[in-house]
Every structure is written in C-alpha cells, then in structure tokens.
Amino acid sequence: MSVKSTITAQFQQVAREQDRMLAPLSDELKLVQSGLDSLSFAIIVARLEDSLGIDPFNATEAVEFPVTFGDFVRLYERFAK
Amino acid sequence: MPSESLWESISSAGSPGGRLHGVRHVIPLAELAQATSLGGRLEELREKSVLLLAKDQLTAALALIELDGVARRMVLCPPDLAPEHVPKVTQDADADACVIDETSETSELRIPVRVTAGPALTRRGSSRQRSRDTEWVLLTSGTTGAPKLVLHTFASLTSALTGTACAAALPLVWSTFYDIRRYGGLQVFLRGLHAGSLVLSDPSEAVSDFLFRAGAAGVTHISGTPSHWRRALMSGAAAGIAPGYVRLSGEIADQSILDSLQAAYPAATVAHAFASTEAGVAFEVRDGQAGFPAALVGGSGAVELRVSEETLQIRSAGTALRYLGHGAEPLRAEDGFVDTGDRVEERAGRYYFMGRRGGVINVGGLKVHPEEVEAVINTHPWVRMSLVRARRNPITGAVVTAEVVVNDASAGCGKPPPDEVLTRELTDRCRRSLAPHKVPAMIRIVPVLEVSPSGKLVRPLA
Chain A
1 MSVKSTITAQ FQQVAREQDR MLAPLSDELK LVQSGLDSLS FAIIVARLED SLGIDPFNAT
61 EAVEFPVTFG DFVRLYERFA K
Chain B
82 MPSESLWESI SSAGSPGGRL HGVRHVIPLA ELAQATSLGG RLEELREKSV LLLAKDQLTA
142 ALALIELDGV ARRMVLCPPD LAPEHVPKVT QDADADACVI DETSETSELR IPVRVTAGPA
202 LTRRGSSRQR SRDTEWVLLT SGTTGAPKLV LHTFASLTSA LTGTACAAAL PLVWSTFYDI
262 RRYGGLQVFL RGLHAGSLVL SDPSEAVSDF LFRAGAAGVT HISGTPSHWR RALMSGAAAG
322 IAPGYVRLSG EIADQSILDS LQAAYPAATV AHAFASTEAG VAFEVRDGQA GFPAALVGGS
382 GAVELRVSEE TLQIRSAGTA LRYLGHGAEP LRAEDGFVDT GDRVEERAGR YYFMGRRGGV
442 INVGGLKVHP EEVEAVINTH PWVRMSLVRA RRNPITGAVV TAEVVVNDAS AGCGKPPPDE
502 VLTRELTDRC RRSLAPHKVP AMIRIVPVLE VSPSGKLVRP LA
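Shown next as structure tokens:
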C-alpha cells in the first residue's frame, strides 16, 4: 500500500470512529475544512507512526505543519524515503 | 504509648497457638517464647538502630518479633531494596546494626554490627527483657528513586486492629500476597499474629503454588492489591483457597475486580481498604461497590477524612509520625492531616478514586485519569487487566493508549476473540461511556503487564 493510500484509509477510519463527516479527500482540501478535529488528527498521526514507522512532526529538522491534505501526504512521503 | 511489645501483645491472651508459615518452614509461635532466630545475639542489638536486611520473609518476621521492645529502631527493608540505596537508608535511619541472612547483599554495607539470622530456631539462654518502645521504620518509593523512610510506632501500626478482624471468631489464618515489609503486608502480619496464624508469600514461588499452600494451611483471610488478585485469577488456581474474607488495597479496586472476586469466592466478604504507609489505614468498604460512601468524609471518628483540592487527606492515630533523614519534608500538615495524593471525585453520594495527583494525562488541555479508562476496559469479560498511559503527540500533546492482557480461556467460555475484534469491541465500549478524548487512540493486546514488587501496576512516567 502506498503512503498516500495508507493515509487516506486512516483518515476515513478515524472519521468513522469519531463520527465526523469527512470531506472528499483531494490534494487541495484544507485540513481545517476536512471535517476532522484536532483529536482526530492526533489519533491519525499516532497510528501512522505505528503503521509507517515515521513521525515527521518529531523529526530533528523543523517541519512546516501541513495545511492541505496534499501537504500532509507529501510530508509523510518525504520522510518515508 | 503501648505498654507492651509485639511479643507481649500477641501472647497476652495466653500462649499463642498459631503458626508462621514460610515457603519451607512452619514455626509454631509458642516456640518463640524460649527460642531465638538471631543465633543468641539479641543483646548485641539492644538499643541499636537496626536495618532488617534479611531477604527471606520468614527470617525477617521472626527478627521483628524478637527485636520489638529491645532495639531502639527497626528499619524494615523490602527484599528489592537496591544495594546502592543502602548507604542512604543507613544514614537516614542512623543505623548502627543490621540483621542479614545468607542471601543479603552486603557489598554496600558499612555497618559493623551484623547479626546473621535464619528461620532455624535455637534455644535462648535467658528470657527476653523488654526495655523500650521500639520505632518501626518503613520504606516508600520516592519520586527520585531513593526510598523515603517513614517512622511508625507499634501503637500507630496497630491502631486499626481493634476493629473487625480481631473481633471475629478466633483463630483465623491470614495470608497476603504482599511482602510483610510493606505497609499492606505488615498490617496482615500484625493481624495474623494476633488472630491466629499467618501464611507468608515467597517471591520464588508461582502464584498457583502459593494459593495451594495457603489453601492447605486453611487460609480464612487473605489480602493483596487488585494486580495481585488479577494475577491470582489468571493463574487457574484461584479455587486453591476458600477464604471467608478477601481484601484488596494498595491500588484502586474497580467494580470489575470486585465482581470477579465475589464470583470466584461467593461465600467470602470481599472488602477493599484504603491505606498508605504515611496515612495509615483509613477505612474498609464491604458493600461490594467501588468507591466509598461520602458519609465517611467530614466525620469526627477515630479516623478523620477530608477532601481538599479533590485530594483525600487523613488524620488518625494510625498515621506515621514523620519522615526520617536530614532535611526531610514534613509528613503531616500542621493540623495533623496527611495528604494522600490520591484524587477523589464525588458522584451520587459516593467518592471514587481518580488516580494519583500528577498521574493525569493531558489531551489537548483535557484531563484523563488512566484509572478511569482502565475501569471501563476492565469491564469487558475477556479482559484480565489493562494499563492506560499517555503517548506523546504533536497535535494534542498526548493521546491515550491502552495495553490489555486477555483473560484467556479461564473465563470458561471458549477461545478469546481475535485481537482485532477485541480491540474494536473495547474501543466501542470506551466510546459508549467515555468522552472522546478519553477513548484510547490505540489498544494493544499484550501477554503481560509489569507488576512491581509492591504488587502494583508499573506506571511508566508519562
């Protein structure tokens, strides 16, 4: 499974668990408009750390917090390499 | 002040008929009237401050009985006391003698008077003369790892004994999963000696073997932490004992462990008690329900309870006197109340323990008490025990995670569900009864959870 499909699946699952209406996931979608709250993102980040073995937010180099879904995916893809 | 020592106290009703059961030796208490476990060297310890460093529990028990009323001070060192802490304990206790056994670690020991003891008794030449009230010192784990020394007296340690246990029909056979050099175990030690017999646990012994040994000795009263009891229920040997009284203390007793124990021992009174080394025994709850009646707070009985800043505080004749050591912090407030550090919350006329102050997980500014989440997880029939902890998180500071030990097959209803099914059921269960931020983001099924030598779940510092 690609990084992007892993992330997409995780967004969908957490949205279901948290009873959130998830907006259609496009690269341009702003995360604040995705329908997820900060707890949902916290859970997604924690689970991605387990499934992908990376936590880009805890990397030694500073990262910019992603704004769009596309930013979010690229951030993980960058650290997955 | 007590007018008698431990030995005089237990023999005041006549010659003691009980026995002390170690894992390899059984000592009739009456033999102690004429015998010594200290190789005839008791007089060398008179008026001394004595570290009890014997690893073997029965050896330590016999030394305690002999030394009370003779030594100036006895320091009850638990067997897991790290050798590197011995010099500090020696200094804080002003110790000038020690009792060791053949397995004691003596590399860090700088004490000239060393008496080697063992469970084999020898006849004593002269009778034992009491000359003073001995100070009893217990160790508790400090936040920095070095133990703190808590000063008690025979009077403070026995202040809770006047009630239930001793009023019951004698003789009783007490036992405990605790080591008797910890407060919870010491209470059972004193109760057992006064009420009949005592079966000591042993760290080298499997839980099932201990239960069968206690059962063979006819145990009537037995105590341990909820973690001890979960392990006993998992051992498959819970039916090895048929006690009339089952006691939990030292950790929060949630409803599921109370119900599990009542189901395992339908004829027993299942009681949970609140006590701490510093605060002493506060109360015992016998109605089978978690928490304690709010009416206990604010009264003016022998044990006074108050809740200050959501934290339980206690004042009684059973509280410790002070911490020992240079620059030690005060143990009691000026008005005599001891702050337990245990948080409580009142709901519908009952107080519930919410965990330790400072043990709180902060999820995006919202508090989560690990024990509150564990209590929900533990209601699932396939769960034996669980540990909830914080996991660092870049979004909310922390998220809640849980590790769960499955109650395999011992529930008697087939095989446990696959891990992914169980974790989904647990998540659903948490979601139904907890706020979203309290629901574990991840649940892992693990084979075991670490239980400390004091019988409590090891909670890693968040």
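Chains A and B supply the protein sequences, listed in that same order. Residues in the first sequence are numbered consecutively from 1, following our numbering. Residues in the second sequence are numbered consecutively from 82, following our numbering. C-beta: ideal position from N, C-alpha, C; glycine also.
With respect to chain A, the C-beta atom of Ile442 (chain B) has no partner C-beta closer than 8 angstroms. The beta-carbon separation of Val196 (chain B) and Leu126 (chain B), rounded to 6 angstroms, stays under the 8 angstroms limit for a contact. Cβ contact annotation for Val454 (chain B) (same chain, cutoff 7 angstroms, sequence separation greater than five): Val469, Val481, Ala483, Cys511, Leu515, Lys519 and Pro521, in chain order. Between the alpha carbons of Arg525 (chain B) and Gly273 (chain B) lies a gap of roughly 41 angstroms.
Nearest CB-CB separation between Met155 (chain B) and chain A: not below the 8 angstroms threshold. Straight through space, the alpha carbons of Ile43 (chain A) and Val3 (chain A) are spaced by roughly 17 angstroms. For His302 (chain B), there is no enclosing alpha helix (DSSP H); the residue is part of the beta strand (DSSP E) that begins and ends at His302 to Gly305. Taking the CA atoms as reference points, Thr460 (chain B) sits about 46 angstroms from His407 (chain B). What Gly445 (chain B) touches in chain A, judged by beta-carbon distance under 8 angstroms, is Ser38, Leu39 and Ala42, going in chain order.
Closest in alpha carbon position to Val527 (chain B), among B:Ile91, B:Asn488 and B:Asp173, is B:Asn488.
Assignment of Leu22 (chain A) by DSSP, reduced to helix, strand and coil, places it in the coil class. At least one beta carbon of chain B lies nearer than 8 angstroms to the beta carbon of Asp50 (chain A). Two segments are said to touch when three or more pairs of C-beta atoms, one from each, lie closer than 8 angstroms; by this definition the region 390 to 402 of chain B touches the region 347 to 363 of chain B. Between the alpha carbons of Val45 (chain A) and Pro451 (chain B) lies a gap of roughly 21 angstroms.
DSSP places Arg367 (chain B) in no alpha helix (DSSP H); its state is neither H nor E.
Excluding residues up to 5 positions away in sequence, Val288 and Ser289 lie with their Cβ nearer than 6 angstroms to the Cβ of Ser316 (chain B) in the same chain. Fewer than three Cβ pairs drawn from the region 171 to 184 of chain B and the region 410 to 421 of chain B lie within less than 8 angstroms of each other, which leaves the two stretches out of contact. For Lys496 (chain B), no alpha helix (DSSP H) run applies, since DSSP gives it neither H nor E. Within the region 194 to 262 of chain B, the complete alpha helix (DSSP H) segments at least 4 residues long are 235 to 238 and 245 to 248, listed from N- to C-terminus. His106 (chain B) sits in coil when the DSSP states are folded into three classes, being neither helix nor strand. Residue ranges of uninterrupted alpha helix (DSSP H) with 4 or more members, entirely inside the region 144 to 197 of chain B and ordered along the chain, are 167 to 173.
The C-beta of Ile476 (chain B) comes closer than 8 angstroms to at least one C-beta of chain A. Cβ contact annotation for Val14 (chain A) (same chain, cutoff 6 angstroms, sequence separation greater than five): Ser40, Ile43 and Ile44, in chain order. For Gln33 (chain A), there are no neighbours in chain B by C-beta distance under 9 angstroms, as the nearest C-beta there is about 17 angstroms away. DSSP, read as helix, strand or coil, puts Leu139 (chain B) in helix. Proximity of chain A to Pro517 (chain B) at the Cβ level (cut-off 8 angstroms) is accounted for by Gln18 and Leu39, in chain order. Apart from the 5 residues on each side of it in sequence, Pro498 (chain B) sits with its Cβ closer than 8 angstroms to the Cβ of Trp463 and Glu506 in its chain, given in chain order.
Listed along chain A, the residues sitting closer than 9 angstroms to Val480 (chain B) by beta-carbon distance are Leu39, Ala42, Ile43, Val45 and Ala46. Straight-line measurement puts the Cα of Leu447 (chain B) at about 26 angstroms from the Cα of Ile7 (chain A). Counted as a single uninterrupted DSSP element, the beta strand (DSSP E) harbouring His353 (chain B) occupies residues Thr350 to Ser357. If you compare the alpha carbons of B:Ala334, B:Ser357, B:Tyr432 and B:Ala135 with that of Ala376 (chain B), the shortest gap goes to B:Tyr432.
About 13 angstroms separates the beta carbon of Val254 (chain B) from that of Val327 (chain B), a gap too long to meet the 8 angstroms contact definition. Here the region 377 to 384 of chain B makes no contact with the region 201 to 215 of chain B; the two share fewer than three CB pairs at distances below 8 angstroms.
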